[in-house]
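Have a look at the structure below, then the notes.
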Amino acid sequence: MIGRVGQWRPLREEVGRPWDIILFPLELISILYQLIQALRVKLYATGIMRTRKLPCKVISVGNITSGGTGKTPVVELLVRFLQNQGFKVAVLSRGYKRQGRKKVVVVSDGEKILAEPGQAGDEPYLLARNLKNTPVLVGKDRYRLGEYAWQNFAIDLVILDDGFQHLALARDLNILLLDASRPFGNHKVLPRGLLRESVNSIRRAHALLLTRVQREPNPEIFYHYQTLGLSIPVFQSHQQGQRLINTLTGEDKDVEYLKDKKVLAFCGIANPDSFKGLIQELGGNLVLFKAFKDHHRYRISQLKEIAQDSKALSADMVLTTQKDYVRLIPYQPLDFPLWYLKLSMELITDQEAFQDLILQKMSL
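So, in structure tokens, the structure goes:
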């Protein structure tokens, strides 16, 4: 049994509220967007739109909501496990919000980083920094990227970062991530809600990986699991702080160093509350927390303001995420000592079964 639904049932949205007239245009766009996405899936399923297959194995990691579910730490977890099993792995990504239109960008050849953060996109550049002996490539056409990696890096398999909606490329294992605390947002499709496509799309997944599990996952996950008649395996994971890194000196400290420190923290990620909660969980005393929009490009004036606030509040530490630090590299060195929190993902249920599933799919 994967979990209990309890008394959870979908809530009916109230009608006749004063703001409904404002939201109505968004509702219409959401309906249209959902229909287009459903048609697109149908066209690929029937072969009218072509799905191409690489000569190597493919693992896709993705989600059905916009914003963060912890894909990057999961990709790192998979790469390290597969490398320990003797596989040569490459990572393919679109490179969200990257600059330039080059069709194939080699962010890393596995030995050195070859692209700037702006050319790569935040997540691919971060993966290139954190993963050794792992080519990382970005581009719109993931099949083209996979062919390039196969021909130039002697790989055994590729991991498709944020690939759940990229139906143009066949995959051997389709892992869908769901944030355990807020898996479907308000159940509305973009732009009215957070969903990229309807909840029914879960059926395409070979496995569900619940991320950011603290206590019990949200029961609505299990409600949809049952109502959709799913029988795929469900795994649970927890994101944790791994190390604290001083960006000026390179000093590397255990996360316990954060305990009782007066911390000014800031971030520009999809789920800032997860970062805030993690700092508090590690014992940091937050004197100020600044949240910017996802993939925010910082201005000099904002960094000066952070430095001034740090002095005014006598903060012991100014802390951000590693993903934000990637965007701040062009501004180094800063006028204040900046630290970033390095994260890792840990499976808290059925780790052996998860690894067996991966190896089984890779051997077929």
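So the sequence shown is numbered by the numbering used here: it starts at 1356 and just counts up by one. For each residue, glycine too, the CB sits at the ideal point set by N, CA and C.
What's the call for residue i, buried or exposed, on a 16-neighbour Cβ count within 10 Å?
{"i": "L1603", "result": "exposed"}
{"i": "E1701", "result": "exposed"}
{"i": "S1718", "result": "exposed"}
{"i": "Y1686", "result": "exposed"}
{"i": "F1379", "result": "exposed"}
Would you list the one or two residues that DSSP bridges to residue i?
{"i": "F1621", "result": "K1645"}
{"i": "A1445", "result": "V1513"}
{"i": "S1530", "result": "The sequence given here has Ile at residue 1530, not Ser. Answer is V1416, A1562, bridged to I1530."}
{"i": "H1650", "result": "In DSSP, H1650 forms no bridge with anything."}
{"i": "V1693", "result": "For the record, residue 1693 in the displayed sequence is Leu; it is not Val. In DSSP, L1693 forms a bridge with V1673."}
{"i": "I1376", "result": "Bridge partners of I1376: none, in fact."}
{"i": "R1407", "result": "L1524"}
{"i": "L1698", "result": "G1596"}
{"i": "I1468", "result": "S1463"}
Could you name the residues of the same chain whose beta carbon sits closer than 6 Å to that of residue i, not counting the 5 residues immediately before and after it, in chain order?
{"i": "D1527", "result": "K1412, V1413, K1716"}
{"i": "R1601", "result": "Residue 1601 is actually Asn in this sequence, not Arg. Closer than 6 Å at Cβ, skipping near neighbours: W1694."}
{"i": "G1548", "result": "G1540, N1541"}
Which residue marks the beginning of the beta strand (DSSP E) containing residue i, and which one marks its end?
{"i": "T1704", "result": "Per DSSP, T1704 belongs to no beta strand (DSSP E) and is neither H nor E."}
{"i": "K1741", "result": "The displayed coordinates of the chain run from 1356 to 1719. Any statement about residue 1741 would go beyond what the structure contains."}
{"i": "N1439", "result": "That residue, N1439, is in no beta strand (DSSP E); its alpha helix (DSSP H) goes 1426-1439."}
{"i": "G1596", "result": "1589-1601"}
{"i": "S1463", "result": "1460-1464"}
Rounded to whole angstroms, what is the Cα-Cα separation between residue i and residue j?
{"i": "P1479", "j": "L1689", "result": "23 Å"}
{"i": "E1571", "j": "G1584", "result": "21 Å"}
{"i": "V1370", "j": "Q1440", "result": "With a pLDDT of 48 at V1370, under the threshold of 50, the predicted position of this residue should be treated as unreliable, though the coordinate-derived value follows. Cα to Cα, the separation comes out at about 55 Å."}
{"i": "N1507", "j": "F1519", "result": "25 Å"}
{"i": "G1501", "j": "T1566", "result": "27 Å"}
{"i": "L1383", "j": "S1553", "result": "15 Å"}
{"i": "K1495", "j": "F1590", "result": "30 Å"}
{"i": "V1681", "j": "A1625", "result": "15 Å"}
Can you name, in chain order, every residue of its own chain whose Cβ lies under 8 Å from the Cβ of residue i, other than the five neighbours on each side?
{"i": "L1398", "result": "M1404"}
{"i": "K1426", "result": "V1416, G1417, N1418, E1478, D1516, D1517, L1532"}
{"i": "I1661", "result": "L1619, F1621, K1645, V1673, F1691"}
{"i": "D1609", "result": "R1598, L1599"}
Can you list, in chain order, the residues of its chain whose CB lies under 7 Å from that of residue i, leaving out five sequence neighbours each side?
{"i": "S1669", "result": "K1617"}
Just to confirm the assignment, what range does the alpha helix (DSSP H) spanning residue i have?
{"i": "L1633", "result": "1627-1636"}
{"i": "P1490", "result": "Element bounds for P1490: not the alpha helix (DSSP H) but the beta strand (DSSP E), 1490-1493."}
{"i": "Q1663", "result": "1655-1667"}
{"i": "K1579", "result": "The sequence shown places His at residue 1579, not Lys. Per DSSP, H1579 belongs to the alpha helix (DSSP H) from 1574-1582."}
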